[in-house]
Amino acid sequence: MTAYQDDIDAVQALKERNGSSWDAINPEHVARMRAQNRFRTGLEIAQYTADIMRRDMTEYDADSSLYTQSLGVWHGFIGQQKLISIKKHLKTTNKRYLYLSGWMVAALRSEFGPLPDQSMHEKTSVPALIEELYTFLRQADARELDLLFTELDDARVAGDETAVEFIQSQIDNYETHVVPIIADIDAGFGNPEATYLLAKKMIEAGACAIQIENQVSDEKQCGHQDGKVTVPHEDFIAKLTAVRYAFLELGVDNGVIVARTDSLGAGLTQKLAVTHEPGDLGDQYNSFLDVEEISEDELGNGDVVIKRDGKLLRPKRLASNLYRFRAGTGEARCVLDSITSLRNGADLLWIETEKPHVAQIAGMMNEVRKVIPNAKLVYNNSPSFNWTLNFRQQAYDRSVAEGKDVSAYDRAELMSVDYDGTELAQLADEMIRSFQRDGSAQAGIFHHLITLPTYHTAALSTDDLAKGYFGDEGMLAYVQGVQRREIREGIATVKHQNMAGSDIGDNHKEYFAGDAALKAGGKDNTMNQFS
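In this note's numbering, the protein residues as written are -12 to 518.
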């Protein structure tokens, strides 16, 4: 007996109890509709995917080669097609997630139009996108199962019991497209209460993992831009706690919090930390400030001073009323931030860096792991990095360290196309190819993501089509560059009516109206040209 058959039997029993008024109900059709609607609420999704993430974290602790990955997406359709492609090419969605990027919400999903990544977009657009993503992933399940149900009916009509048994096993062991989403809540969009309220909406929409950063909410900047301002640890801990309360209130007890530190590139703080005794957390935060020792006589009007070790220290304050950290303290601050976050409710870390360099990341994570051995990192394989240039420079430096002759290369011009086919370029590309594997083995990176890849792929593919279609190639640009490739490579969207749910709708019409159903998928449907 299978779960599918169990459902059929249960509905059959229910039908019999309700008598002749239920004669139109086909128990197998109900079982199919239930299978196609496995997840009825966002909270069910959050609980299911949180279990997946926790399992993956445990497996990574035992074997660092078992890292996880995601791509950032900005629309439900894009996320859906990503998961369909993963299932098609890799046969499983295991350890593949989705990432919801605040940058892309700001740039592509705000009613204000394109915005910079400064938390100016509507906060409700974040849970709305989570809900949209899961709507499309659930629809991908419904479509794929619908195709299996059609195959099952055809096999039954043909009397092919072997095919019936095989298709039945595919239905019973069906792997959903629903996977974890790591969702960006930026700096919390306000005070801890605002963070809590937004986190609840995100979790109710299906998010099992929320990423929050230690920047100020009102002056939040993209992690790869200048002008970043961090907050004292106690302020950030309050927001971590608010997110945990949101998870617990909604019953997602194993929800995942990703604590991000922007301290490596943040040279400013909005306020001094409260400190009660030497060496406490506030004192450690303030110890990184750029200060000058002064006497009491040198105090000016409105000056703010810190007393440490019997000395009066005046933090250097800018005209913006922000305080500056000492240069070169970024890595030490990242380590302190990370340890503090893990000790105060975070499950995973995110250290925003200025370049993709395994040794640099490992240097910080090794310090963290001296204190918390199973510390794990979510790492941003960011399009803000020039990967080609960075890794050619790393390959150049490695070659110099190994005593190799690099006289044929100008380190300042390594991005030049003239170097594309060289041995150094090939070494750099191999380093890029192995970056995720090496980072997970050496630097504690549990999850690799690219924040906004589909922003770039959408632009690139549109440029390719526009160049040809509006140029000399005309319609051939679409046929050769898009449709023929869809057909040859088995891209589901070539049958766009089916992708949008037309066949599911036809089957529902037949469930509801029987032979009287007016179906769209008959002989005159041009989608039949792609059968």
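Beta carbons: idealized from backbone N, C-alpha and C, even for Gly.
Exposed unless 16 or more other CB atoms sit within 10 angstroms - verdict on residue i
i	result
Ser274	buried
Glu410	exposed
Asn515	exposed
Thr256	buried
Trp9	exposed
Val481	buried
Ala233	buried
Asn377	buried
Thr444	exposed
Straight-line Cα distance separating residue j from residue i
i	j	result
Gly210	Ala446	Note that Gly210 scores 46 on pLDDT, short of 50, meaning its location in the model is unreliable and no value can be drawn from it.
Leu401	Gln380	7 Å
Ala430	Ser325	14 Å
Glu283	Met352	41 Å
Gly492	His164	20 Å
Gly266	Asp296	11 Å
Tyr161	Glu191	25 Å
Glu15	Val239	33 Å
Thr449	Gly193	31 Å
Leu85	Gly63	11 Å
Ser72	Gln126	15 Å
Ala399	His344	18 Å
Val113	Ile244	16 Å
Gln212	Arg27	Residue placement at Gln212 is poorly supported in this model, since its pLDDT is 48, which falls under 50; the coordinates are not used for a value here.
Thr248	Ala33	25 Å
Gly29	Ala37	12 Å
Leu463	Ile359	58 Å
Arg385	Ala253	29 Å
Val469	Ala145	36 Å
Leu1	Ser489	30 Å
Tyr383	Ser421	17 Å
First through last residue of the beta strand (DSSP E) which encompasses residue i
i	result
Ser57	55 to 60
His483	Where His483 is concerned, there is no enclosing beta strand (DSSP E), although the alpha helix (DSSP H) it sits in stretches over 483 to 486.
Leu436	432 to 437
Ala170	168 to 171
Glu279	278 to 281
Thr248	243 to 248
Delimiting residues of the alpha helix (DSSP H) encompassing residue i
i	result
Val345	345 to 358
Glu236	220 to 236
Phe422	422 to 429
Val322	317 to 330
Asp451	440 to 456
Ile474	471 to 476
Ala0	-10 to 5
Lys298	Counting along the chain, Lys298 falls outside any alpha helix (DSSP H), though it belongs to the beta strand (DSSP E) covering 298 to 302.
Thr262	First-last for Thr262: undefined, no H or E at that position.
Gln202	Where Gln202 is concerned, there is no enclosing alpha helix (DSSP H), given that its DSSP letter is neither H nor E.
Ala181	179 to 192
Leu463	462 to 465
Residue-level contact to chain C via CB, residue i, 8 Å cutoff
i	result
Ala428	The structure shown contains no chain C; it is built from a single protein chain.
**Message:** For the structure I just gave you, are there three or more beta carbon pairs, one from the segment 313 to 320 and one from the segment 386 to 394, closer than 8 Å?
**Reply:** no
**Asked** Touching or not, the segment 136 to 149 and the segment 119 to 126, by the rule of three or more beta carbon pairs under 8 Å?
**Response** no
**Message:** Threshold first: 3 residues or longer. Then list the beta strand (DSSP E) segments lying entirely within the segment 8 to 82, N to C.
**Reply:** 55 to 60
**Message:** Give the list of continuous alpha helix (DSSP H) stretches no shorter than 4 residues that lie fully inside the segment 74 to 145.
**Reply:** 89 to 95, 112 to 145
**Message:** Under 8 Å: do the segment 89 to 107 and the segment 128 to 135 share three or more Cβ pairs, one atom per stretch?
**Reply:** no
**Prompt:** Which full runs of the beta strand (DSSP E) of 3+ residues lie inside the segment 352 to 403, going along the chain?
**Reply:** 364 to 367
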